[in-house]
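Chemist:
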Amino acid sequence: MGLLNAVVQGVLLGGLYALYAAGLSLMFGVMRIVNLAHGDLGVVAAYVALVLVTHTFLPVWAAVVVTVLLSAVAGYLLQRLLLQRSLSSGPLATLLVTFGLSVILQNVLQELFSADTRSLDTGTFATAAIHLGEISVSYLGLLGLGLALATIVGVQLYLSRTATGRMMRAASDDPEVATLVGADARHVYAVATSIALASVALAGMVFAMRSSFSPTIGSMSLIFAFEAVVIGGLGSLWGTLLGGLGLGLAQSIVGYYDPADSILAGHLLFLAVLALRPQGILAARGT
Amino acid sequence: MNSPQTCLEIRGLDVHHGQLRAVTDLSLTVAERQVVAVIGANGAGKSTLLRCVAGILPASRGEILLDGVDVTRLPTHRRVALGIASVPEGRRLFGSLTVEENLRTGAYRHRAGPWDLAAVTELFPWMADRRRQRSSQLSGGEQQAVAICRALMSNPRVLLLDELSLGLAPVVVTRMYEALPRILESGCAVLLVEQDVSKALAMTDQVHCLLEGRTVLSGAPADLDRKSVEAAYFGIDRREAG
Amino acid sequence: MSTTRETAPRVSGGFRVRRDSRLSRYGMLGLVAVCIGLAGLPYVVYESVTSSLVTLFVLIAMASMWNLLAGFGGMASIGQQAYVGIGGYTVIWAADQGINPFLGIAVAALFSAVLAVPTSLLAFRLRGDYFAVGTWVIAEVYRLLVIKSDSLGGPSGRALTGLSDMGLTARNAATYWAALVVAVVCVAAGYLLLRGRVGLSLTAVRDDEIAARAAGVDVTTAKRIVYLVSAAGCGAAGGVVVVDALSIQPTAIFSVQWSAYMIFIVVIGGIGYLEGPLLGAVVFFALQQYLADYGTWYLILLGVVAAASAVWMPRGLWGQVVHRTGLRLFPVGYRLDRTDQQ
Ligand SMILES: Nc1ncnc2c1ncn2[C@@H]1O[C@H](COP(=O)(O)OP(=O)(O)OP(=O)(O)O)[C@@H](O)[C@H]1O
Ligand SMILES: [Mg+2]
């Protein structure tokens, strides 16, 4: 396969990273917190979908829809019951709580499902692809990219067109005044976390369809999502999309020459951005 | 008989910042269509009082009643829903939102009433042309106007205004005060903080002078002479007596 | 009648500013006695006891370093495993050069601190939560670079050379003492650092960073010193781990698990107290031993306890002790005593 194909695969992979990163970026933008269990929550979604597919008569697409809805509810509750309290317990509390949650989730999954790798079987869809000469564009890759685009456009529209979305941006600017104009910060934050969890659930399931997964891969997803957010620039969803694509391209192109170095290449891109342009490619405007 | 109905009543209020008691045993009432000014030197506790009425700071003693309903323990957003709207000290618009979006945030939890986007734009007509501009690009006076309109969008019963004139040119301040009668027409009450004593005496129905968190003088401007107000403002006769 | 002008006369009364209390002096003496007792342990107990205590000492050393970094420096890192790994590999490399592995532990501390300088230049561009994840990425980079080196054993790791001619009992005892020394030095270094200028700067930062900067406190230098010291401590601890295990495996030595241990210990024990990691490490160690037969459940339990205490008991167990008794073993602050009590 040629370099051109590597570029195309990089874009598809980057779409998945952007989908992972969208929720992380939203939560940081609104509440200034990094959810260290972000990637693990995507893995949990993959296991939930797996259970639904193997133990019920739901087809895969229906299992995906159900899982996304469950994740949205879980996100709302997570914020209301745990993260909201930690926001008022000092600057490190949220970090420590989400890190603890990450360790808990990974180990519980390991106890429940063992450390074996699994995959979410989508039948022939998993291998179907469009072939254009030497380039092959897998349906699954396109699905990831399409979902990433749809999620980011959707969240942007939500933030700019709806009252609660507007209030999220307002709370990000000045949380106290947001409550002065009538926002219930707990509700606004919980909606943001709910969106973040729904999107990371999608990402986790697309990942599970593309390749095999195990209880501990959530850490890697978190790191990739984080890199995408920083490369793109904090607080900008479009930047996050670009960051995800950049990361995917770096990994894929370097991987074309030496697969062993592909992940290192992504990390080095991240460090290079940190060294040369710490505000990211598309820095948030405004504040 | 037809004395105006009381909108906001504060009884025996204490507010603390940690150990420091910033407001002590404060009582006042604001009636419908009335403007009450709280004056006092820097650090007298004026902002603390307004922030407590809005629900940002908890009251450590006393009661706050809105139309006879005790709101002392309600969270801020519930008070907004019941009709307490604030223009915070220093305006504090949402910098990354446009003018129109700032105004719309004010309607997040609105009551029924005359104020909407069209009505507030009538109050300050220049807003119509600037509504797509980011609020951080406005001048201080323009920001103050948007902050007032943002608060009005909720159709409040009581409007809390903290230092309208902060950092504004006198002519701009006058324009802000000129909007007051139209605001009162909608039937709400205004509790405002003002550093400029003569402005407060000229424009309001009732003046409360705070010194170190206590009311040292209050009354209608007509009943107060300037000298005693100034003395109360700076706490002069207290110092001499003590 | 002037009511609230009562501050002036009181100041003229007798006050004395002191660092320690009688209680804390006894506490210090007690700690010294415990250390001496621990040093003599290899002569009195079975090797199985001392060898499991090595694990405890390693945990104490690492957790103290993390506490210094996060609790006092305000830098919560989840990338300290970078220095655990670097320290471990330094011992391996030093042994190849003919340096005794026990001496290699000191080299490991030094080399970790050296590498921490360029690392801090990058990591310090991130703040708060982003610093935490950024340091994790950097640790991953170190791991990926190390496994590219064939002489260090690549992805599968290597055995430690240079200790094969030492008798088993002597080696175990030496490992035990090395671990004890590393733990004591880590705790003592934190104490001395916080009593000095760096401690004052950090206290100022903790109270109000902007004001501290405005007042001319060199915040970045203070933070960098803390970062280097904590890298050195983790490097030494990593060295001990390798000397104890006699082999190294890159995924294990660079595992984020180390950071998880440090964080759980410090959060449960009490963040921002020098005593916290000691108490937390003992709790952690006891749970680990007690629940050893139940797989990873001890980690799940610890995760739950740590997350819960971060929210509901932010000052940890030692915070409760201080709250109840006022006991401080390591007085790094100042206390005001009235000398004119009636
Ligand atoms: N967030 C706070 N924490 C601690 N003390 C505070 C805080 N805000 C205000 N204070 C103190 O409470 C007292 C009253 O302050 P407040 O801001 O209410 O005064 P003010 O009358 O509004 O003054 P100004 O005219 O300067 O706005 C002052 O002594 C002030 O130092
Ligand atoms: Mg004020």
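Residue numbers (numbering that gives the first Met the number 0), protein chains in the order written: chain D, 0 to 286; chain F, 0 to 241; chain P, 0 to 341. Beta carbons: idealized from backbone N, C-alpha and C, even for Gly.
(1) Excluding the five sequence neighbours on either side, which residues of its own chain have a C-beta within less than 7 Å of the C-beta of P:Arg212, listed in chain order?
(2) Any C-beta of chain F sitting closer than 8 Å to the C-beta of D:Gln278?
(3) Counting only Cβ-Cβ distances shorter than 7 Å, please list the residues of the region 76 to 92 of chain F near chain D, keeping chain order.
(4) Flag this pair as touching only if the region 11 to 28 of chain D and the region 114 to 121 of chain P have three or more C-beta atom pairs under 8 Å; answer yes or no.
(5) Between F:Pro155 and the rest of its own chain, which residues show a CB-CB distance below 6 Å, the 5 nearest in sequence each way excluded?
(6) The alpha helix (DSSP H) with D:Gln8 in it runs from where to where?
(7) Shortest alpha-carbon distance to P:Ala230 belongs to which of P:Gln248, P:Gly36, P:Ser258?
(8) What are the boundary residues of the alpha helix (DSSP H) that includes F:Cys148?
(9) Using a C-beta to C-beta distance shorter than 7 Å, which residues of chain F count as neighbours of D:Asp173?
(10) Rounded C-beta distance between F:Leu56 and F:Val29? I'm assuming under 8 Å.
(11) Could you check how far apart the C-beta atoms of D:Gly232 and D:Ser101 are, in whole angstroms? I think they sit under 8 Å.
(12) Does the Cβ of D:Ser211 have 16 or more other Cβ atoms within 10 Å, making it buried, or fewer, making it exposed?
(13) If you measure from the CB of F:Asp161, is any heavy atom of ligand 2 nearer than 7 Å?
(14) Hey, D:Ala48 and D:Ala62: beta-carbon distance below 8 Å or not?
(15) Taking only the alpha-carbon atoms, compute the straight-line gap between F:Pro180 and F:Asn101 and give it to the nearest angstrom.
(16) Looking at chain F, which residues of the region 174 to 191 of chain D have a Cβ within less than 7 Å of any of its Cβ atoms?
(17) If I'm right that F:Ala178 touches F:Ile147 with Cβ under 8 Å, what's the distance once you round it to whole angstroms?
(18) Is F:Val192 near ligand 2 - that is, is its Cβ less than 7 Å away from at least one heavy atom of it?
(19) Say the cut is 7 Å; is the CB of F:Thr47 nearer than that to a heavy atom of ligand 1?
(20) Beta-carbon of F:Leu7 versus every beta-carbon of chain D: anything under 8 Å?
(21) Would you give the residue range spanned by the alpha helix (DSSP H) that D:Ile151 belongs to?
(22) Can you confirm whether D:Arg168, when its beta carbon is compared against all beta carbons of chain F, has any partner nearer than 8 Å?
(23) Spell out a yes or no on whether the region 77 to 89 of chain D and the region 241 to 258 of chain P are touching, meaning 3 or more CB-CB pairs, one atom from each, closer than 8 Å.
(24) Any C-beta of chain F sitting closer than 8 Å to the C-beta of D:Arg165?
(25) Return the bridge partner residues of F:Gly39 from the DSSP annotation.
(26) Give me, in chain order, the residues of the same chain whose beta-carbon lies closer than 8 Å to that of F:Val70; leave out the 5 immediate sequence neighbours on both sides.
(27) Residues in its own chain within less than 7 Å of P:Arg142 by CB, not counting five upstream and five downstream?
(28) How close, in whole Å, do the beta carbons of D:Val59 and D:Val67 come, if the pair is a contact with beta carbons under 8 Å?
(29) For P:Val136 and D:Ile222, which I take to be in contact (beta-carbon distance under 8 Å), what is that distance rounded to the nearest angstrom?
(30) Quick check: is the beta carbon of F:Ala53 nearer than 8 Å to any beta carbon in chain D?
(31) Among F:Ser164, F:Ser95, F:Ile182, which has the Cα closest to the Cα of F:Gln136?
(32) Return the Cβ separation of D:Gly38 and D:Ser213 in integer angstroms, given the expectation that the two are a contact with Cβ distance under 8 Å.
(33) Who are the near neighbours of P:Ile91 in its chain, counting only those whose CB is closer than 7 Å to its CB and skipping five residues on each side?
(34) If distances are taken between C-alpha atoms only, which option among P:Val53, P:Tyr42, P:Val57, P:Ala38 comes closest to P:Ala236?
(35) Assuming D:Ala202 and D:Leu18 make a contact with CB atoms under 8 Å, what is their CB distance in whole Å?
(36) List the endpoints of the continuous alpha helix (DSSP H) containing P:Cys185.
Modeler: Taking the coordinates as given:
(1) The count along the third sequence starts at 1 and reaches residue 212 of chain P at position 213. Excluding residues within five positions, the ones whose Cβ falls inside 7 Å are Val218.
(2) The residue given as residue 278 of chain D occupies position 279 in the first sequence. Against chain F, the CB of D:Gln278 has no partner CB under 8 Å away; the residue lies outside that interface.
(3) Within the region 76 to 92 of chain F, the residues whose Cβ lies closer than 7 Å to some Cβ of chain D are His76, Val79, Ala80, Ser85, Pro87, Arg91, listed in chain order.
(4) Between the region 11 to 28 of chain D and the region 114 to 121 of chain P, the count of Cβ pairs shorter than 8 Å is below three; the stretches do not touch.
(5) Taking the second sequence and counting its residues from 1, one reaches residue 155 of chain F at position 156. So the list reads Gly82, Ala84, Cys187, once near-sequence residues are dropped.
(6) Looking up residue 8 of chain D in the first sequence gives position 9. Counting along the chain, the alpha helix (DSSP H) containing D:Gln8 begins and ends at 2 to 30.
(7) As a position in the third sequence, residue 230 of chain P is number 231, starting the count at 1. When P:Gln248, P:Gly36, P:Ser258 are compared, the shortest CA-CA separation from P:Ala230 is found for P:Ser258.
(8) The residue given as residue 148 of chain F occupies position 149 in the second sequence. Note, F:Cys148: alpha helix (DSSP H), 139 to 151.
(9) Against the first sequence, residue 173 of chain D aligns to sequence position 174. Neighbours of D:Asp173 on chain F, chain order: Arg91, Phe93.
(10) Locating residue 56 of chain F in the second sequence gives position 57, counting from the first residue. Locating residue 29 of chain F in the second sequence gives position 30, counting from the first residue. About 19 Å separates the beta carbons of F:Leu56 and F:Val29, which is beyond the 8 Å limit, so they are not a contact pair.
(11) Against the first sequence, residue 232 of chain D aligns to sequence position 233. Against the first sequence, residue 101 of chain D aligns to sequence position 102. That pair is no contact at about 25 Å.
(12) Within the first sequence, the letter at position 212 stands for residue 211 of chain D. So D:Ser211 ends up on the exposed side.
(13) Taking the second sequence and counting its residues from 1, the one referred to as residue 161 of chain F is at position 162. Relative to ligand 2, F:Asp161 has its C-beta within less than 7 Å of a heavy atom.
(14) Position 49 of the first sequence holds residue 48 of chain D. Position 63 of the first sequence holds residue 62 of chain D. Contact: yes.
(15) Locating residue 180 of chain F in the second sequence gives position 181, counting from the first residue. Locating residue 101 of chain F in the second sequence gives position 102, counting from the first residue. Roughly 23 Å separates the two Cα atoms.
(16) Residues of the region 174 to 191 of chain D whose Cβ lies closer than 7 Å to any Cβ of chain F, in chain order: Glu175, Val176, Thr178, Leu179, Val180, Gly181, Ala182, Asp183.
(17) Within the second sequence, the letter at position 179 stands for residue 178 of chain F. Within the second sequence, the letter at position 148 stands for residue 147 of chain F. Contact holds; Cβ gap of about 7 Å.
(18) Position 193 of the second sequence, counted from the first residue, corresponds to residue 192 of chain F. Indeed, a heavy atom of ligand 2 lies less than 7 Å from the Cβ.
(19) The sequence position of residue 47 of chain F within the second sequence is 48, counting from 1. F:Thr47: yes, Cβ under 7 Å from ligand 1.
(20) The sequence position of residue 7 of chain F within the second sequence is 8, counting from 1. No, no contact with chain D.
(21) Stepping through the first sequence from its first residue, residue 151 of chain D is reached at position 152. Counting along the chain, D:Ile151 sits inside the alpha helix (DSSP H) bounded by residues 138 to 160.
(22) Sequence index remark: in the first sequence, residue 168 of chain D carries index 169 (1-based). So yes, D:Arg168 belongs to the interface.
(23) Result no; under three Cβ-Cβ pairs closer than 8 Å.
(24) Taking the first sequence and counting its residues from 1, the one referred to as residue 165 of chain D is at position 166. At a cut-off of 8 Å, the C-beta of D:Arg165 has a neighbouring C-beta in chain F.
(25) The residue labelled residue 39 of chain F in the question sits at position 40 within the second sequence. Answer by DSSP bridge pairing, in chain order: F:Leu209.
(26) Along the second sequence, one-based indexing puts residue 70 of chain F at 71. Gly54, Ile63, Leu64, Arg77, Arg78, Leu81, Ile83.
(27) Working through the third sequence from its first residue, we reach residue 142 of chain P at position 143. Counting only Cβ-Cβ distances below 7 Å, and skipping sequence neighbours, we find Gly84, Pro249, Phe253.
(28) Position 60 of the first sequence, counted from the start, is the residue given in the question as residue 59 of chain D. Position 68 of the first sequence, counted from the start, is the residue given in the question as residue 67 of chain D. Not confirmed; about 13 Å, so no contact.
(29) Counted from its first residue, the third sequence places residue 136 of chain P at position 137. Counted from its first residue, the first sequence places residue 222 of chain D at position 223. Taking C-beta atoms under 8 Å as the contact rule, P:Val136 and D:Ile222 qualify, at a distance of about 6 Å.
(30) Residue mapping note: residue 53 of chain F aligns to position 54 of the second sequence, counting from 1. Closer than 8 Å to some Cβ of chain D, the Cβ of F:Ala53 qualifies, so yes.
(31) Translated into the one-based positions of the second sequence, residue 136 of chain F becomes position 137. Of F:Ser164, F:Ser95, F:Ile182, the residue nearest in Cα terms is F:Ser95.
(32) The residue labelled residue 38 of chain D in the question sits at position 39 within the first sequence. The residue labelled residue 213 of chain D in the question sits at position 214 within the first sequence. About 12 Å; that fails the 8 Å criterion.
(33) Walking along the third sequence from the start, residue 91 of chain P turns up at place 92. The beta carbon of P:Ile91 lies closer than 7 Å to those of Leu151, Arg157, Leu159, Val241, Ile247 in the same chain, with the five residues before and after it left out.
(34) Here residue 236 of chain P refers to the residue found at position 237 when the third sequence is read from its first residue. Nearest of P:Val53, P:Tyr42, P:Val57, P:Ala38 to P:Ala236, Cα basis: P:Val57.
(35) Working through the first sequence from its first residue, we reach residue 202 of chain D at position 203. Working through the first sequence from its first residue, we reach residue 18 of chain D at position 19. Yes, they are in contact, since the Cβ atoms of D:Ala202 and D:Leu18 sit about 4 Å apart, within 8 Å.
(36) Here residue 185 of chain P refers to the residue found at position 186 when the third sequence is read from its first residue. From DSSP, the alpha helix (DSSP H) with P:Cys185 extends over 167 to 194.
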